[in-house]
Each structure stands twice: as structure tokens, then as C-alpha cells.
Amino acid sequence: MFEKKNNQTEEAGTGQYSDLVVRAGLAEYSDVRGCMIIKPYGYSIWEKMQAVLDKMFKDTGHTNAYFPLFIPKSYFSREASHVEGFAKECAVVTHYRLKNTADGSGVEVDPDAKLEEELVIRPTSETIIWNSYKKWIQSYRDLPLLINQWANVVRWEMRTRLFLRTTEFLWQEGHTAHATKQEAVEEAETMLDVYARFAEDFMAMSVLKGKKTPYERFAGAEETYCIEALMLDGKGLQAGTSHFLGQNFARAFDVKFSTKEGTQDFVWATSWGVSTRLIGGLVLVHSDEKGLCLPPKLAPIQVIIVPVYKKDEEKLPVDSVCREMLLKLKEEGIDAAYDHSDTRSPGWKFSEYELKGVPLRIVVGPKDVANKTFEIVRRDTREKSFVPVQNLLSAVKDLLQKVQENLFRKSVEFREKNTTVEENYSHFREVIEERGGFILAHWDGTAETEKKIKEETKATIRLIPFGDQEPGKCIVSGNPSTGRVVFARAY
RNA sequence: CGGGGAGUAGCGCAGUCCGGUAGCGCACUCGUUUAGGGUGCGAGUGGUCGCGGGUUCAAAUCCCGCCUCCCCGACCA
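Residue numbers for the first sequence, in numbering that gives the first Met the number 0: 0 to 490.
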């Protein structure tokens with residue numbers, strides 16, 4: 000998409016993002032402003048993401064729980080910067096009953112059914128969870144507390160986009176409590192690594208890891224870590240965040256514990272999350288002019304089998320070969336599907352499954368039946384080959400792995416190709432305007448400079464890379480800088 | 001919240017200026033033909049024209065009010 004734009008050929012830019020999401024059957028618009036309907040095909044991707052992530056969370060010692068959707072308003076006022084960060088986008092429940100209108104034309108809110116205390120619909124669950132943690136934690140023996148929840152949250156956004164930013168979205172939020180600062184920081188780092196591994200190994204999406212500037216930090220956090228990916232249109236996408244919350248929520252909710260030494264101390268906290276936004280990332284990282292291109296490890300359908308035949312007497316042998324293949328693939332745990340509907344032509348099916356991003360297509364026709372072969376086509380390179388039927392499993396497994404690897408390799412190459420190092424601010428502005436991408440530049444560490452760049456270029460500091468860096472001079476102010484940071488326009 | 005666009009068949013749209021039997025493409029149904037890259041042909045089903053009020057013999061069309069959605073700008077995962 001991004002490359003096409005520069006070549007002035009057919010453009011598949013972000014204007015077409017929403018269209019692609021809809022046409023591929025991932026989601027559609029709801030009549031409710033800013034909300035979307037995640038359709039079965041899109042939801043299947045989410046289910047695969049959930050399965051993988053959930054296992055990763057369990058493997059790192061976490062367990063799942065569920066906390067209420069409604070948060071008493073008073074909980075919110077406990078942590079000052081948290082309130083400030085979310086107050087502007089909270090939906091609030093004020094009444095609990097409807098009644099028929101006097102003229103019988105419909106229903107209205109019953110003014111007599113006003114809530115004593117209004118309920119905020121969770122934009123995130125720190126407050127209600129820490130209210131519980133207070134009751135759960137007495138001693139160092141109760142720590143660490145490692146909990147995750149899969150939930151929906153609501154943030155009243157002004158501008159929405161399918162998957163990337165919707166009023167309601169699905170996510171997971173981990174909330175942990177620890178006895179020491181070091182342990183909490185390590186937890187936040189561990190979970191960031193989990194996210195990075197998920198993005199690269201499963202989504203085939205190259206990411207950068209780092210921490211946020213104070214200005215971009217999560218409301219209520221001491222430190223926010225993030226993974227950031229580069230989309231094909233040259234914009235950055237925050238794909239996951241992990242926060243070291245210090246003792247802020249412990250103080251706000253008075254969560255103290257007895258140490259081994261018998262003293263009292265506030266608990267150290269983290270929280271971390273990824274959302275259905277990742278599905279938007281998948282689309283913006285792997286699509287081409289034909290449609291989506293899903294990484295095999297997350298594709299709802301990994302292999303689609305399409306039969307081809309002319310006459311009725313050809314149908315039966317083709318059909319039985321296809322069914323046999325389907326069975327064999329399924330037995331191996333491969334998510335294969337066989338589109339035997341004869342109301343669509345093969346050509347139609349080819350286009351449809353390419354649009355949907357199915358990694359591999361197997362085509363079987365009379366000629367193949369005679370030769371005991373089948374045709375197999377990779378979605379990523381559209382490369383065709385003919386394979387003896389007896390090699391079905393090895394060929395499919397091999398190609399699924401190759402597609403997965405190739406997508407990731409392309410994502411890494413794209414990110415590298417579109418990451419530039421800039422010393423000169425006017426050139427920086429040109430690059431941001433004309434080709435986008437990640438820009439590595441020196442920054443003096445002040446919020447003023449950060450704001451100025453944002454106002455003038457719409458680019459923000461996506462992250463401060465980990466590790467030691469070469470000092471230099473700020474690209475705007477010329478003041479000393481301790482290292483380069485990553486700039487980009489972002490979703 | 002500011003600016004722009006739009007609400008007419010499941011979807012995409014024309015018709016609105018200039019009032020006079022509600023149309024086109026896709027989808028859908030039936031028939032037929034076809035099938036190795038979104039088959040061709042024929043017939044058919046499907047509408048409180050976003051909602052409410054007004055003007056008129058007559059309103060998708062004119063007038064008044066309201067609602068909703070999408071796109072572009074200031075906040076955020």
C-alpha cells in the first residue's frame with residue numbers, strides 16, 4: 000500500500016482500510032455510533048489470538064478472573080492522574096429503569112429511577128480491581144498476585160475506525176501486585192516481551208520495544224513500556240502496552256501488606272493489555288492489492304480447497320479426492336476448509352479467498368485426479384506448484400511455515416527500509432510529510448519540544464528505545480540529548 | 001465540538017434543481033448455459049423514499065423541525 004503510493008500505481012492506502020475490513024468480512028459498522036460488529040471471520044482471528052496469548056499468560060504464572068463492567072464513580076476520584084486521563088471519555092450510567100411514554104409512542108428514561116451513585120462503564124479496570132486487591136492482600140504471603148481478565152471496555156472516542164479505535168472494544172488487561180519495586184518492574188518487562196514475541200512469532204509483525212515519554216504515558220503509571228509496529232502506509236501503531244504503576248494505586252486504595260520483617264508497605268503494581276486493535280494491525284501490515292494476507296498461525300482458514308470440474312461425471316472423482324485431503328489435513332490439526340458449493344465458479348472462489356487472506360489454496364481438477372497431483376498456491380507470493388497427492392501433508396506444513404516466515408521477513412524489511420535517521424529538522428518534516436515511517440532523531444527530553452514537533456508535523460514520539468544510546472543534539476532546540484527516540488505519525 | 005458529505009430494495013447508487021404510476025447495477029429466486037481466475041442469457045421477488053409536521057388535487061421531490069451515520073481537524077490502546 001505504502002510502496003504503491005510512491006509508485007503512483009493502484010493505491011491501496013488507508014482510505015481503503017475500512018473498505019477492506021468490511022469486504023473481507025472481518026467486521027461491519029453498527030448503527031451505534033463508533034461501534035462495530037465483529038463478524039465470524041474477524042472474531043475467529045480474535046479467538047486464535049486469545050488462545051495463544053492466554054497460554055502465554057498462564058505459562059508466565061497468571062490466572063484469569065472477571066471484574067464488573069460498572070465502576071462506582073467515587074472509585075475514579077481516588078487516583079488523580081488516572082481520573083484526568085480518562086474523565087473525558089467515560090460513559091456513565093445514571094438511571095436503572097425505563098417507562099412507557101405518556102402518549103404510548105415508546106419508552107423513556109424514568110426520572111424516578113436515578114442512581115444514588117452513578118456508575119462509570121469501565122474504560123479500564125485498575126480502580127475496581129485495586130478496590131478488591133485491598134481485601135485480598137494482607138501479607139507478603141499473598142504476593143505476588145498475578146491476574147488477567149478478558150473483557151470489553153468503553154472509551155468515548157471522538158473519531159473512530161474499525162478495529163483501530165472504536166468506542167467499545169475487546170481486550171485483555173493484566174493486573175499484578177508485588178512486594179518489591181524490582182519485581183513489579185520485571186513483571187512489566189516480562190509482559191512486554193510476551194507481547195513482542197506474540198507480535199513477531201504469531202502476527203508476523205515486526206515491532207520495536209521501548210518506553211513512552213511522560214507525555215504519552217498511561218494515566219496513573221510511573222513508566223509505560225510499549226511495542227510499536229510500522230504500518231504499510233508509513234504510520235506507527237501502538238500494538239501493546241505494559242505499565243509499571245509504582246505504588247500509585249496501592250496508595251489510592253490503601254493496599255498495604257506486612258513484610259517478612261513485620262513492617263507495613265504499599266504494594267507495587269503493574270498492568271498490561273492488548274486489544275482487538277491488533278486485528279487492524281494485521282490488516283495494515285500484510286495486505287496487498289488483492290486483499291488481506293493472514294499469517295498462517297492466526298488465519299481462521301489456513302488452507303482452502305477448491306474443486307474444478309466441467310462435466311457431472313468429473314465431479315465425483317474430484318469431490319472424493321478433495322474430501323480425502325480435507326480429512327487428512329484436519330487430522331493433523333490444520334485448519335482446512337473445502338468449498339464444494341457449486342453455486343460459485345472456481346474463479347470467484349479464488350478471488351474471494353485471496354480477499355480473505357487465506358494463506359494456502361489447493362485446487363483439484365480432473366487433470367490433477369488423473370495425475371494424482373494437486374495445485375497449491377501461496378497467498379503471499381501467489382506462487383503456484385503442482386504436488387503429488389501423497390506429499391500433501393509435508394507440502395502444506397512446509398508452505399504454511401514458509402508463508403509465516405516470509406510475512407515476518409517482509410515486515411522486518413519494510414520497517415528497516417522505512418526507518419530513517421535524521422539530524423536536520425526541515426528534512427525531518429519533509430520525510431514525515433512525504434514518506435512517513437519511523438524516524439530516529441535526537442530529542443532534548445522536554446515536553447515543550449515534544450509538543451512543538453507534534454503541532455508542526457503531527458508526528459509523536461512513539462517510544463524511547465531501551466539500552467544505552469549515543470548522546471547528541473536535539474533536532475529542534477539543539478540542546479543536549481541523551482539518545483535518539485523514535486518519531487512517527489501514529490494511529 | 002468545528003467543517004464537509006450522506007440517509008430511496010440486503011448492498012452500492014440515480015431520481016430532488018423543475019411535484020404527476022419509484023428506477024438502475026450487484027445480490028437474491030427460478031430456468032438455462034458455464035466451470036483451470038469474480039461465466040453468459042432469459043424471467044422473477046423485494047420499497048412505511050431516515051422520523052415528525054406543513055403546503056398542494058397530488059410530495060422521494062417544496063417549506064419547518066428532529067434523528068442518525070460516514071469522512072476531515074483538537075484527545076487516546
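Note that beta-carbon positions come from the ideal geometry of N, C-alpha and C, so glycine has one too.
Small disclaimer: the values here were computed from a predicted structure and weren't measured.
Assuming L325 contacts I304 (C-beta within less than 8 Å), just tell me the rounded distance between them. One-based indexing of the first sequence puts residue 325 at position 326. One-based indexing of the first sequence puts residue 304 at position 305. Indeed, because the Cβ distance is near 6 Å, the residues count as touching under 8 Å.
Kindly list the residues whose CB is nearer than 6 Å to the CB of T481, restricted to its own chain and excluding five residues on each side of it in sequence; keep chain order. The count along the first sequence starts at 1 and reaches residue 481 at position 482. So the list reads P470, once near-sequence residues are dropped.
Contact under 8 Å by Cβ, Y139 with E188: As a first step, residue 139 must be located in the first sequence, where it is residue number 140. As a first step, residue 188 must be located in the first sequence, where it is residue number 189. Contact flag unset, no.
Start and end of the alpha helix (DSSP H) containing C321? Your numbering for residue 321 matches position 322 in the first sequence. It spans 311-330 - the alpha helix (DSSP H) in which C321 sits, taken as one unbroken run.
Just the C-alpha distance for G24 and S43, rounded to the nearest angstrom, thanks. One-based indexing of the first sequence puts residue 24 at position 25. One-based indexing of the first sequence puts residue 43 at position 44. Within the model, the alpha-carbon separation for G24 versus S43 is close to 11 Å.
Environment of A26 [buried if 16+ CB atoms lie within 10 Å]: Reading the first sequence from its first residue, position 27 is the one you call residue 26. The residue is buried, with at least 16 neighbouring Cβ atoms inside 10 Å.
The alpha helix (DSSP H) enclosing W129, as first and last residue numbers: Here residue 129 is taken as the residue at index 130 of the first sequence, counted from 1. From DSSP, the alpha helix (DSSP H) with W129 extends over 125-135.
With distances taken between CB atoms, is the gap from F168 to N151 smaller than 8 Å? The count along the first sequence starts at 1 and reaches residue 168 at position 169. The count along the first sequence starts at 1 and reaches residue 151 at position 152. Contact flag set, yes.
What residue range does the alpha helix (DSSP H) around A195 cover? For the purposes of this step, residue 195 is taken as the residue at position 196 of the first sequence. Its alpha helix (DSSP H) spans residues 180-200.
Provide the residue span of the alpha helix (DSSP H) that contains Q246, from first to last. Locating residue 246 in the first sequence gives position 247, where the first residue counts as 1. Q246: not part of any alpha helix (DSSP H); DSSP gives it neither H nor E.
Best match in L392, L236, E182, W267 for proximity to A251 [C-alpha to C-alpha]: Position 252 of the first sequence, counting from 1, holds the residue named residue 251. Residue W267 is the option with its Cα nearest to A251.
Which parts of the region 434-469 are runs of the beta strand (DSSP E), unbroken and 3 residues or longer, counting only runs that do not cross its ends? 437-441, 459-464
Of the choices K451, Y490, F66, whose alpha-carbon is the least far from that of V475? Counting from one through the first sequence, the residue named residue 475 turns up at place 476. Considering only alpha carbons, the answer is K451.
Since D111 and L97 should fall inside the 8 Å C-beta cutoff, what is the C-beta to C-beta distance between them, to a whole number of angstroms? By 1-based counting over the first sequence, the position of residue 111 is 112. By 1-based counting over the first sequence, the position of residue 97 is 98. Not quite, the Cβ-Cβ distance comes to about 11 Å (not below 8 Å), so this is no contact.
Where does G233 fall in DSSP's three states? Numbered from 1 along the first sequence, position 234 holds the residue referred to as residue 233. Three-state result, G233: coil.
Own chain residues within Cβ distance below 6 Å of F407, not counting five before or after: Start at 1 with the first residue of the first sequence, and residue 407 comes out as number 408. Excluding positions up to five away in sequence, the list reads A203.
Does the Cβ-Cβ distance between I136 and H174 come in under 8 Å? In the first sequence, the residue the question calls residue 136 occupies position 137. In the first sequence, the residue the question calls residue 174 occupies position 175. Cβ atoms of I136 and H174: not closer than 8 Å.
When you compare only the Cα positions, how much space is there between M0 and T159? Your numbering for residue 0 matches position 1 in the first sequence. Your numbering for residue 159 matches position 160 in the first sequence. With a pLDDT of 37 at M0, under the threshold of 50, the modelled position of that residue is not reliable, and the figure given next carries that caveat. Between M0 and T159, the C-alpha separation is close to 21 Å.
Drop a sphere of 10 angstroms on the beta-carbon of N390, count the other beta-carbons inside from all chains shown, and report buried for 16 or more, exposed for fewer. As a first step, residue 390 must be located in the first sequence, where it is residue number 391. The Cβ neighbour count for N390, taken over all protein chains shown within 10 Å, is under 16; the residue is labelled exposed.
Run through DSSP, which three-state label would K4 get? Counted from its first residue, the first sequence places residue 4 at position 5. Because the pLDDT at K4 is just 32, under 50, the model does not fix this residue reliably, and the value given afterwards should be weighed accordingly. DSSP places K4 in helix when its eight states are reduced to three.
Give me the Cβ distance between V485 and L462, rounded to the nearest whole Å; I'm assuming they're in contact under 8 Å. In the first sequence, counting from the first residue as 1, residue 485 sits at position 486. In the first sequence, counting from the first residue as 1, residue 462 sits at position 463. V485 to L462, Cβ: 5 Å. Contact.
Can you tell me the Cα-Cα spacing of N6 and G233, whole angstroms? Working through the first sequence from its first residue, we reach residue 6 at position 7. Working through the first sequence from its first residue, we reach residue 233 at position 234. Only weak support is given to the placement of N6: the predicted model assigns it a pLDDT of 28, under 50, and the question is left unresolved by the model.
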